[in-house]
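Novice: One structure, as structure tokens, below. Some questions next.
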Amino acid sequence: MPEAAVLPGTGGLIVGGLAAVVAISVLLWIPVLGDRLTAFVSTNGPRYAPKIFLVGLGFLLTGIVAHVEVLVLTGASLIGLLALALIYDNY
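Every position in the sequence shown, counted from 1, becomes a number in my numbering once 957 is added.
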């Protein structure tokens, strides 16, 4: 008699168990990533924020003047991400 017939559903239990281990590992790793992100933003934010703002503003104004929506979106995204990073760092 084959093993699969003797132990029905064992493969599904193994896959489910592995999925549970992965899910728990990801949930436990989220605070570690948050701490690393906060440390990275705190150390590098003040040095690169003005440069990122000027590059984003350049893309935004160039896109508005040239009527290129991709540049407008890129510039607005850079400035928005910069604002979110500064809010995240200070609060």
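C-beta: ideal position from N, C-alpha, C; glycine also.
Tell me whether Gly973 is buried or exposed, calling it buried when 16 or more other Cβ atoms sit within 10 Å of its Cβ.
Specialist: Exposed is the call here.
Novice: Where do the N-terminal and C-terminal ends of the alpha helix (DSSP H) with Val1029 fall, by residue?
Specialist: Run containing Val1029: Glu1026 to Asn1047, per the alpha helix (DSSP H) assignment.
Novice: Looking only at its chain, what residues have a beta carbon closer than 7 angstroms to the beta carbon of Leu1035, apart from the 5 residues adjacent to it on each side?
Specialist: Excluding positions up to five away in sequence, the list reads Ile1009, Val1012, Gly1013 and Phe1016.
Novice: Which whole-angstrom value describes the C-beta separation of Ala1042 and Val998, a residue pair presumed to lie in contact below a C-beta threshold of 8 angstroms?
Specialist: Correct: roughly 5 angstroms between the Cβ atoms.
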